[in-house]
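Here's the structure, in structure tokens; my notes come after.
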Amino acid sequence: MTLAVGVDLGGTNIRAALIDVEGGRETGDVKAPVQNKNPEAVADLVAKLVAEVDPDKKRVGVGVGFAGMLRGWTGVVVNSPNFGWREVPLRALLRDRIGERTELYNDLNAIAFGEAKYGGAKNIADVLCVYVGTGVGGGLVLDGKLYIGSTHLAGEIGHTKVVPNGRLCGCGQRGCLEAYVSGVHLQARAQEELHAGKQSSVIALAKSIDNVHAGFLDQAASAGDAYASELWNEASGLLGLVLANAVTLINPQRLVMGGGVWQGAPELKRRTLDVMRSLANKPSIDSGFSVSDTLLGDSAGRLGAAALVSGVFS
Ligand code: ADP
Ligand code: MG
Ligand code: ZN
Numbered sequence: 364m365t366l367a368v369g370v371d372l373g374g375t376n377i378r379a380a381l382i383d384v385e386g387g388r389e390t391g392d393v394k395a396p397v398q399n400k401n402p403e404a405v406a407d408l409v410a411k412l413v414a415e416v417d418p419d420k421k422r423v424g425v426g427v428g429f430a431g432m433l434r435g436w437t438g439v440v441v442n443s444p445n446f447g448w449r450e451v452p453l454r455a456l457l458r459d460r461i462g463e464r465t466e467l468y469n470d471l472n473a474i475a476f477g478e479a480k481y482g483g484a485k486n487i488a489d490v491l492c493v494y495v496g497t498g499v500g501g502g503l504v505l506d507g508k509l510y511i512g513s514t515h516l517a518g519e520i521g522h523t524k525v526v527p528n529g530r531l532c533g534c535g536q537r538g539c540l541e542a543y544v545s546g547v548h549l550q551a552r553a554q555e556e557l558h559a560g561k562q563s564s565v566i567a568l569a570k571s572i573d574n575v576h577a578g579f580l581d582q583a584a585s586a587g588d589a590y591a592s593e594l595w596n597e598a599s600g601l602l603g604l605v606l607a608n609a610v611t612l613i614n615p616q617r618l619v620m621g622g623g624v625w626q627g628a629p630e631l632k633r634r635t636l637d638v639m640r641s642l643a644n645k646p647s648i649d650s651g652f653s654v655s656d657t658l659l660g661d662s663a664g665r666l667g668a669a670a671l672v673s674g675v676f677s
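Numbering (the working numbering), first residue to last: 364 to 677.
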């Protein structure tokens, strides 16, 4: 039995578990909110959770899926919109605290690998996985192997441009998909527009403007609220278009979808899948192609990161 620690370091939550990699089983998992986004504080928190799930160091290594863009295999975070980081040597900070056998992956790469080996796309060779949560991320498993691209940046679907010179994204550029459909951006934009005087039943649903998030917007949109419905038409239109083009480009057998917004917004999901199916290249979705929601939910990232660091599937 090969044991590895898997960590999912998302923009909102961090989750860790000690995992039996061959069996895809985890012993007790731990979760903590990411409150202090200072790099040292984040590394301290990861080290604390790793010690909690594997106090006797039964692991062959620690795999960390991180919500940010990495530079090749240097372990340096080039840019993390969710953490507000640029050029942070995260892997070195982690190794100082945990030990040498610690590897860093993109969070959606780890999630895609987890779903492909244990979850919603088990035994499927070609998989595209897209999560709409705090941000928007994607991962690719091609021919059964994680595809990281030439410099570890494959799958950055959240930063594909949907509006030239459009809304400012956390990555520093404008017009990214993430700036139109991520949880953080939807929430900030809706609150800003409602504070500026837009009328919507979502305010009553959420009890106050400052409580409005994608979940309440989804309820309002499905009840026919004009403001939420218009916002949802735009968000589903852009997300559906990008997914359709990705499916056309990559020709995966399975598209796995997940993330806090995706799972908490059924109306957005329904509209997005309608758009995706209408815009994808017909032959690409006509035979053998299917869409599923994440089967592993919150555990996909830590399972995938543990599997990757263990080397069991490579
Ligand atoms: P992470 O991106 O850290 O992995 P999640 O995938 O869980 O986290 O997504 C968290 C995001 O989901 C939050 O930023 C928030 O905007 C959004 N969110 C929180 N609650 C809901 C809800 N009930 N319905 C839809 N979206 C939600
Ligand atoms: Mg996540
Ligand atoms: Zn961006």
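Every residue gets a Cβ at the ideal spot worked out from N, C-alpha and C, and that includes glycine.
In this text, all values refer to a predicted model and were calculated from it rather than measured experimentally.
Practice problem: Answer yes or no: do Leu642 and Asn608 have a C-beta to C-beta separation smaller than 9 Å? | Solution: The count along the sequence shown starts at 1 and reaches residue 642 at position 279. The count along the sequence shown starts at 1 and reaches residue 608 at position 245. Taking 9 Å as the Cβ cut-off, Leu642 and Asn608 qualify as a contacting pair.
Practice problem: Check whether the Cβ of Thr635 sits closer than 8 Å to any heavy atom of the ligand ADP, and report yes or no. | Solution: Along the sequence shown, read from residue 1 onward, the residue named residue 635 stands at position 272. Checking the Cβ of Thr635 against the ligand ADP gives no.
Quiz prompt | Rounded distance between the beta-carbons of Gly578 and Ala628, thought under 8 Å | solution = On the sequence shown, residue 628 is found 265 positions in, with the first residue counted as 1. On the sequence shown, residue 578 is found 215 positions in, with the first residue counted as 1. About 6 Å separates the two Cβ atoms, so the contact holds.
Practice problem: Grab the span of the alpha helix (DSSP H) containing Leu412 for me, first residue to last. | Solution: Position 49 of the sequence shown holds residue 412. First-last of the alpha helix (DSSP H) with Leu412: 402-416.
Quiz item: Cβ of Cys532 within 8 Å of any heavy atom in the ligand ZN?
Solution: Residue 532 sits at position 169 when you count from the first residue of the sequence shown. Yes, the beta carbon of Cys532 sits closer than 8 Å to at least one heavy atom of the ligand ZN.
Quiz item: So Gly623 and Ala473 are in contact, right, with Cβ under 8 Å, and what is the actual spacing, rounded?
Solution: Along the sequence shown, read from residue 1 onward, the residue named residue 623 stands at position 260. Along the sequence shown, read from residue 1 onward, the residue named residue 473 stands at position 110. In fact, because the Cβ distance is near 17 Å, the residues do not count as touching under 8 Å.
Self-check item: Closest residue to Ala551 among Glu450, Ser655, Arg454, Leu580 (Cα-Cα distance)
Solution: Position 188 of the sequence shown, counting from 1, holds the residue named residue 551. The option with the nearest alpha carbon to Ala551 is Leu580.
Quiz item: What's the gap between the Cα of Ala517 and the Cα of Cys492?
Solution: Taking the sequence shown and counting its residues from 1, the one referred to as residue 517 is at position 154. Taking the sequence shown and counting its residues from 1, the one referred to as residue 492 is at position 129. Whole-angstrom Cα-Cα distance: 12 Å.
Practice problem: Kindly provide the ranges of any alpha helix (DSSP H) runs that are 4 or more residues long and lie completely inside the stretch 490-568, ordered along the chain. | Solution: Whole alpha helix (DSSP H) segments, 4+ residues: 541-544, 546-558.
Quiz item: Does the stretch 366-375 come within contact of the stretch 423-435, defined as at least 3 CB pairs closer than 8 Å?
Solution: yes
Quiz prompt | Bridge partner(s) assigned by DSSP for Tyr468 | solution = Stepping through the sequence shown from its first residue, residue 468 is reached at position 105. Beta bridge pairing from DSSP links Tyr468 with Gly428.
Quiz item: Okay, do the stretch 451-464 and the stretch 407-418 touch, 3+ Cβ pairs below 8 Å being the bar?
Solution: yes
Quiz item: For Gln398, is the beta carbon positioned less than 8 Å from some heavy atom of the ligand ADP?
Solution: Counting from 1 along the sequence shown, the entry for residue 398 is found at position 35. The answer is no for Gln398.
Quiz item: Among all the DSSP beta bridges, which residues are the ones paired with Pro396?
Solution: Your numbering for residue 396 matches position 33 in the sequence shown. Per the DSSP secondary-structure output, Pro396 pairs in a beta bridge with Asn376.
Quiz prompt | Straight-line gap, Glu630 to Ile648 (C-alpha atoms, nearest Å) | solution = Taking the sequence shown and counting its residues from 1, one reaches residue 630 at position 267. Taking the sequence shown and counting its residues from 1, one reaches residue 648 at position 285. Rounded to whole angstroms, Glu630 to Ile648 spans 22 Å at the Cα level.
Quiz item: Is the closest heavy atom of the ligand ADP to the C-beta of Ala577 under 8 Å?
Solution: In the sequence shown, counting from the first residue as 1, residue 577 sits at position 214. Yes, the ligand ADP has a heavy atom inside 8 Å of this Cβ.
Quiz prompt | Residue of Arg449, Ala380, Thr465 minimising C-alpha distance to Asn401 | solution = Here the question's residue 401 lines up with position 38 in the sequence shown. The residue with the shortest Cα to Cα distance from Asn401 is Arg449.
Practice problem: Quick one: grab the DSSP three-state call for Asn442. | Solution: The count along the sequence shown starts at 1 and reaches residue 442 at position 79. If DSSP states are grouped into helix, strand and coil, Asn442 belongs with the strands.
Exercise. Starting from Asp656, follow its DSSP beta bridges and name the residues at the other end.
Key: Taking the first residue of the sequence shown as position 1, residue 656 is located at position 293. For Asp656, which the question treats as bridged, DSSP gives the partners Met620.
Practice problem: Compute the Euclidean distance between the alpha carbons of Ser677 and Gly387, then round it to the nearest angstrom. | Solution: In the sequence shown, residue 677 corresponds to position 314, counting from 1. In the sequence shown, residue 387 corresponds to position 24, counting from 1. Just so you know, the alpha carbons of Ser677 and Gly387 end up roughly 15 Å apart.
Quiz item: Is it buried or exposed for Gly603, if we count other Cβ within 10 angstroms and need 16 for buried?
Solution: Along the sequence shown, one-based indexing puts residue 603 at 240. The residue in question, Gly603, is buried, as its Cβ has 16 or more Cβ neighbours within 10 Å.
Practice problem: Could you give the DSSP three-state label for Trp595: helix, strand or coil? | Solution: In the sequence shown, residue 595 corresponds to position 232, counting from 1. In this structure, Trp595 counts as helix in the three-state DSSP scheme.
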